[in-house]
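S.K.: Residue numbers (the numbering used here), protein chains in the order written: chain A, 58 to 229; chain B, 17 to 291. Below you will find the structure I want to go over with you.
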């Protein structure tokens with residue numbers, strides 16, 4: 058069974074980087090992203106004898122990761138409210154202290170403030186450059202839902218950015 | 017002017033914040049699988065080989081320090097406490113590496129519950145105690161059958177994070193097997209729980225199974241098991257999370273049997289790393 062172990066280790070070596078960065082962009086928090094990827098890889102390991110025969114094992118891992126991330130999003134939000142007594146912060150935890158207007162910084166803050174599903178669609182679509190059909194498969198939803206969620210996410214980004222700079226726009 | 021190129025750039029910039037150490041730590045976590053070390057089977061008779069067996073994860077999680085980790089254990093099964101079985105089943109089903117298997121038997125010894133879930137091709141075991149829960153599983157490509165009056169024994173030992181080693185023996189029991197008593201290398205005996213074509217027993221420390229006394233309608237027979245060719249954990253208890261496996265079949269060739277192993281530590285939920 059050494060070949061099976063080698064297969065799995067090869068899978069981990071080649072895909073962990075992208076999985077962690079994807080998770081980080083979805084949940085916007087590194088420790089949470091690490092936990093999600095570890096849990097994902099444990100689940101993949103448990104089914105590796107089947108997963109390794111799939112055409113795209115990484116797509117299966119990605120689907121687990123997205124499911125774990127989104128199923129935990131509401132719980133994380135509730136926990137944060139219980140701890141602070143206030144709604145989750147609208148901004149990412151590393152928002153720049155500087156008052157200087159920088160397009161990328163503003164964009165990151167706008168991304169951090171997106172609802173998890175909208176941010177997930179944009180991450181899969183524009184960070185991983187997945188076709189809409191693969192995004193739909195990863196999120197276990199319809200193609201139409203992917204399109205509408207992406208559209209709403211982009212519109213929300215544009216709206217957020219317009220509050221600071223009316224000259225910006227995001228074509229959909 | 018912000019466009020999709022700018023959005024992609026922002027996402028790449030954010031993703032670049034992930035440090036290499038984070039990736040490295042996750043890549044080098046030992047998820048899976050470790051091949052079980054096989055005890056030479058006592059080969060008589062014939063048994064259709066189990067074929068290539070699937071590997072599954074073993075997840076151990078600890079919720080507290082494990083000194084006196086096995087307090088309350090007894091060499092004979094004890095009646096379960098109120099809600100003990102329900103609590104164990106709920107926890108085990110959540111963490112089982114193979115979902116959907118029916119419960120075959122539960123062995124209770126003091127506060128510990130050892131459950132076996134199985135169908136014709138797959139099995140999962142779960143031991144739940146006050147301070148830890150451990151699950152494991154096996155799958156084979158063909159149904160496993162055991163002749164009447166025989167047992168297919170699989171024995172392993174492992175340790176929790178505190179280094180407290182424990183061993184267990186489980187397997188399928190052929191028709192007519194009503195009781196199994198294991199004799200360990202040190203001469204001590206452990207009575208197994210037998211039900212629904214399965215048996216299971218476990219004990220603190222790393223003593224191996226030397227023989228099994230099997231009760232059937234026609235009387236009692238004794239099966240012996242040769243010592244493992246290699247002691248994976250040596251004379252000392254296995255290191256935290258260590259895992260070794262031996263198996264033998266009294267009436268046949270013994271199917272190839274592997275198990276994966278991975279460990280999640282620290283918190284009460286398997287798969288979560290403590291920080």
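C-beta atoms are modelled at their ideal positions from N, C-alpha and C, and glycine is treated no differently. Computed from a predicted structure; not experimentally measured.
1. Residues in the stretch 71-87 of chain A with C-beta within 7 Å of chain B's C-beta atoms, listed in sequence order?
2. Taking only beta-carbon atoms, is residue 165 of chain A less than 8 Å away from chain B?
3. Would you say the stretch 203-212 of chain A touches the stretch 89-105 of chain A, given that touching needs at least three Cβ pairs under 8 Å?
4. Quick one: which chain B residues come within Cβ less than 8 Å of residue 91 of chain A?
5. For a test of the three-state rule: what should DSSP assign to residue 72 of chain A, helix, strand or coil?
6. For residue 211 of chain A, which three-state DSSP category applies?
7. Could you please give the first and the last residue of the uninterrupted beta strand (DSSP E) stretch that includes residue 118 of chain B?
8. Given the structure, does residue 183 of chain B come close to the ligand FMN, in the sense that its CB is under 7 Å from one of the ligand's heavy atoms?
9. Would DSSP call residue 124 of chain B helix, strand or coil?
10. Between residue 132 of chain B and chain A, is any beta-carbon pair separated by less than 8 Å?
11. Anything in chain B within Cβ reach of residue 161 of chain A, meaning under 8 Å, just list it in chain order.
12. If we ignore side chains and look at the alpha-carbon of each, how far apart do residue 206 of chain A and residue 42 of chain B end up?
13. Three-state secondary structure (DSSP) at residue 92 of chain A?
14. By a C-beta neighbour count over all protein chains shown, 10 Å radius and 16 as the cutoff for buried, is residue 63 of chain B buried or exposed?
15. Quick one: using the 10 Å Cβ neighbour count with 16 as the cut-off for buried, is residue 19 of chain B buried or exposed?
16. For residue 162 of chain B versus residue 189 of chain B, is the C-beta distance shorter than 8 Å?
17. Any Cβ of chain B within less than 8 Å of the Cβ of residue 183 of chain A?
18. The alpha helix (DSSP H) spanning residue 109 of chain B covers which residue range?
19. Tell me, please, whether the CB atom of residue 113 of chain B is closer than 8 Å to any CB atom in chain A?
20. Quick check: residue 180 of chain B and residue 216 of chain B, are their CB atoms within less than 8 Å of each other?
21. Rounding to the nearest angstrom, what Cα-Cα distance links residue 76 of chain B and residue 45 of chain B in this structure?
22. Apart from the five residues on each side of it in sequence, which residues of its chain come closer than 7 Å, Cβ to Cβ, to residue 174 of chain A?
23. Only counting runs of 3 or more residues, tell me where the beta strand (DSSP E) segments fall wholly within the stretch 207-237 of chain B, in order along the chain.
24. Alpha carbons only, please: which of A:74, A:118, A:82, A:181 is nearest the one belonging to residue 40 of chain B?
25. What number of angstroms, rounded off, separates the C-alpha of residue 229 of chain B from the C-alpha of residue 70 of chain A?
26. Determine the chain E residues that contact residue 34 of chain B at a beta-carbon separation under 7 Å, and present them in chain order.
27. Assuming contact is defined by CB atoms lying nearer than 8 Å, are residue 167 of chain B and residue 196 of chain B in contact in what I supplied?
28. Looking at the C-beta of residue 129 of chain A, does it have a partner C-beta in chain B at a distance below 8 Å?
29. Since I believe residue 185 of chain A is in contact with residue 214 of chain A (beta carbons under 8 Å), could you give me their beta-carbon distance rounded to a whole number of angstroms?
30. Under 8 Å, with one C-beta from each stretch per pair, do the stretch 121-130 of chain B and the stretch 73-92 of chain A reach the 3-pair mark?
31. Within the same chain, show all residues whose beta-carbon is closer than 6 Å to that of residue 64 of chain A, passing over the 5 residues directly before and after it, in chain order.
32. Whole angstroms is fine: what's the gap from residue 163 of chain A's alpha carbon to residue 188 of chain A's?
33. Note down, in chain order, every chain B residue with its Cβ under 8 Å from the Cβ of residue 180 of chain A.
34. Anything in chain A within Cβ reach of residue 45 of chain B, meaning under 7 Å, just list it in chain order.
35. Nearest to residue 97 of chain B by alpha carbon, out of B:109, B:236, B:145, B:237?
M.R.: So, from the listed chains and residues:
1. 73, 74, 77, 78, 81, 82, 87
2. yes
3. no
4. 38, 41, 42, 289
5. helix
6. helix
7. Run containing residue 118 of chain B: none; DSSP gives neither H nor E here.
8. Although the ligand FMN was asked about, the structure shown includes no ligands whatsoever.
9. strand
10. no
11. Chain B residues near residue 161 of chain A: 22, 25, 26, 29.
12. 31 Å
13. DSSP, read as helix, strand or coil, puts residue 92 of chain A in helix.
14. Residue placement at residue 63 of chain B is poorly supported in this model, since its pLDDT is 27, which falls under 50; the coordinates still yield a value, given next. Looking at its Cβ environment, which holds 16 or more other Cβ atoms inside 10 Å, residue 63 of chain B is buried.
15. exposed
16. yes
17. yes
18. 100-111
19. yes
20. Not closer than 8 Å, so no.
21. Confidence in residue 76 of chain B is poor, its pLDDT being 40 and thus under 50, which makes the residue's placement unreliable; the coordinate value appears in the next sentence. Rounded to the nearest angstrom, the two C-alpha atoms are 14 Å apart.
22. Cβ within range, chain order: 127, 206.
23. List check, beta strand (DSSP E) in window: 209-211, 214-220, 225-232.
24. With respect to the C-alpha of residue 40 of chain B, the residue from A:74, A:118, A:82, A:181 having the closest C-alpha is A:74.
25. Rounded to the nearest angstrom, the two C-alpha atoms are 47 Å apart.
26. Protein chains in the displayed structure are A and B, and chain E is not among them.
27. yes
28. No, its Cβ sits nowhere closer than 8 Å to a Cβ of chain B.
29. Not really, about 18 Å apart at Cβ, beyond 8 Å.
30. In short, these stretches do not touch, since the Cβ pair count stays below three.
31. 109
32. 26 Å
33. Going along chain B in sequence order, the residues near residue 180 of chain A (Cβ under 8 Å) are 27.
34. 95
35. When only C-alpha atoms are compared, the closest one is B:145.
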